[in-house]
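Trainee:
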Amino acid sequence: MDNNLFIKECKIKLSSLEKKLNLIESQFQYEKVDLCERALMEIDIPVREIKTLLAGYKFEALAEEIYFFKIIKPQFISKFIYYSKLLSIEVAIPNAGKAVLKEYFECELLTLKTFYDQYTDFYEYYRRKATFLDDKYFVRNQFDLKTKLEAGLYDYDEKFATSHDHIVSQIIANDLLEKYLLEAIKNIDGYTFKETEEKLFLSWSSSKSSLIELLYALYSSHAFNGGNIEFSEIVRYTEKTLNIDLGNFYKTLHEIRNRKTNKTKFLQLLNENLSNKLLEGD
-8 MDNNLFIKEC
2 KIKLSSLEKK
12 LNLIESQFQY
22 EKVDLCERAL
32 MEIDIPVREI
42 KTLLAGYKFE
52 ALAEEIYFFK
62 IIKPQFISKF
72 IYYSKLLSIE
82 VAIPNAGKAV
92 LKEYFECELL
102 TLKTFYDQYT
112 DFYEYYRRKA
122 TFLDDKYFVR
132 NQFDLKTKLE
142 AGLYDYDEKF
152 ATSHDHIVSQ
162 IIANDLLEKY
172 LLEAIKNIDG
182 YTFKETEEKL
192 FLSWSSSKSS
202 LIELLYALYS
212 SHAFNGGNIE
222 FSEIVRYTEK
232 TLNIDLGNFY
242 KTLHEIRNRK
252 TNKTKFLQLL
262 NENLSNKLLE
272 GD
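Counting in the numbering used here, the sequence shown runs from -8 upward without gaps.
In structure tokens form, the structure reads like this:
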């Protein structure tokens, strides 16, 4: 099988899998455990098929191998990780009140942050779509022991794994899990957003990190609901109101905290601009 046919076959299997998962999601949307179990069975089939195809195939160029392990394979494995973790979360949901449920989901969110903290350097490399280390990260048998590797690396099938393709899969899965957990928290609190027929007249024109910095300052000052509201709820309400996607705001907060200088640069800019504007009025 030549490379074009191999990659094409993988994409066909991915498209077919996504259609099946969408159908399962719609059929079992209120039965999460059944949904996850059926999804995992569906995902297992094409993964095994691709693994078999790859066992008898040799990539013609390094770039082709990198493309498979950086782009193609994680799209399958991330789904398996997502539904596996979602199944674990669903079967362990405590039969308790809102406060306990909310704490349960928030602890799961903290687990996602722990993973990010563990792989900060690679996380930023991947998010920036960098490529200069791809030949070490996404080529088989190219492990650099000076880089941070997963503890179970040597248990992997060396013909079907590189040092970092599984971490890419985990990043993609974590993005999906974050959306699920935030939605679960929102549903516990009973917040609903009414659709408005009026057009939005305001749009955020500064950076997303600046908006998150501002929102976190307001949250820290208990400026909303007397402080009886979670930061994630403030973010989601703002996203809905301003029609903006703030993405992984926990990651952005982490970056703000890690600024070497001027951690609150946007707030300082606001203060300077306001002072200047008031002086103009004088």
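Every residue gets a Cβ at the ideal spot worked out from N, C-alpha and C, and that includes glycine. Here the structure is a predicted model, which means the values were calculated and not measured.
#1: Would Leu77 and Leu168 qualify as a contact pair, given that the criterion is a beta-carbon distance under 8 angstroms?
#2: Just to confirm before moving on: does the CB-CB distance between Cys27 and Glu81 stay below 8 angstroms?
#3: When DSSP labels each residue in this structure, what does Glu189 get in the three-state scheme?
#4: Under the three-state reduction of DSSP, which class applies to Gly47: helix, strand or coil?
#5: Could you check whether Arg248 and Lys242 sit closer than 8 angstroms to each other, using their CB atoms as the reference points?
#6: Which residues in the same chain have their Cβ closer than 6 angstroms to the Cβ of Trp195, if we skip the five residues on either side of it in sequence?
#7: Give the single residue among Lys127, Thr43 and Ala87 whose Cα lies nearest to the Cα of Phe(-3).
#8: Could you check where the alpha helix (DSSP H) with His245 kicks off and where it finishes?
#9: With the cut-off set at 8 angstroms, would you say Ile57 and Val159 are in Cβ contact?
#10: Just to confirm my understanding: we take Glu149, look at its own chain, exclude 5 residues before and 5 after, and list those with CB closer than 8 angstroms. What are they?
#11: Please name the residue, chosen from Leu124, Lys104 and Leu103, that lies closest to Phe113 on a Cα-to-Cα basis.
#12: Among Thr122, Ser223 and Leu270, which one has its Cα closest to the Cα of Leu209?
#13: Does the beta-carbon of Thr153 have 16 or more other beta-carbons within 10 angstroms, so that it is buried, or is it exposed?
#14: Let me confirm a value: Leu173 is counted as buried when at least 16 other C-beta atoms fall within 10 Å, else exposed. Which label applies?
#15: Please give the ranges of any alpha helix (DSSP H) in the segment 106 to 179, keeping only runs that are unbroken, at least 4 residues long and fully inside the region.
#16: Quick one: complete alpha helix (DSSP H) runs, 4+ long, within the segment -6 to 65?
#17: Would you report the Cα separation of Tyr116 and Ile72, rounded to the nearest angstrom?
#18: So Leu237 is in the alpha helix (DSSP H); what residue range does that whole segment cover?
Mentor: For this structure:
#1: yes
#2: yes
#3: Below a pLDDT of 50, predicted positions are generally treated as unreliable, and Glu189, at 45, falls in that range; the measurement from the model is reported next regardless. Glu189: coil per DSSP, three-state reduction.
#4: DSSP, reduced to helix, strand and coil, places Gly47 outside both helices and strands of the structure shown, so it counts as coil.
#5: no
#6: Leu202, Leu233 and Ile235
#7: Thr43
#8: Unbroken alpha helix (DSSP H) run through His245: Phe240 to Arg248.
#9: no
#10: Sequence-distant Cβ neighbours of Glu149 in its own chain, meaning closer than 8 angstroms and more than five residues away, are Arg131 and Asn132.
#11: When only C-alpha atoms are compared, the closest one is Leu124.
#12: Ser223
#13: buried
#14: buried
#15: 111 to 118 and 125 to 128
#16: -6 to 18, 23 to 46 and 53 to 58
#17: Straight-line spacing of the CA atoms in Tyr116 and Ile72 works out to 21 angstroms.
#18: Note, Leu237: premise wrong, no alpha helix (DSSP H); not H, not E.
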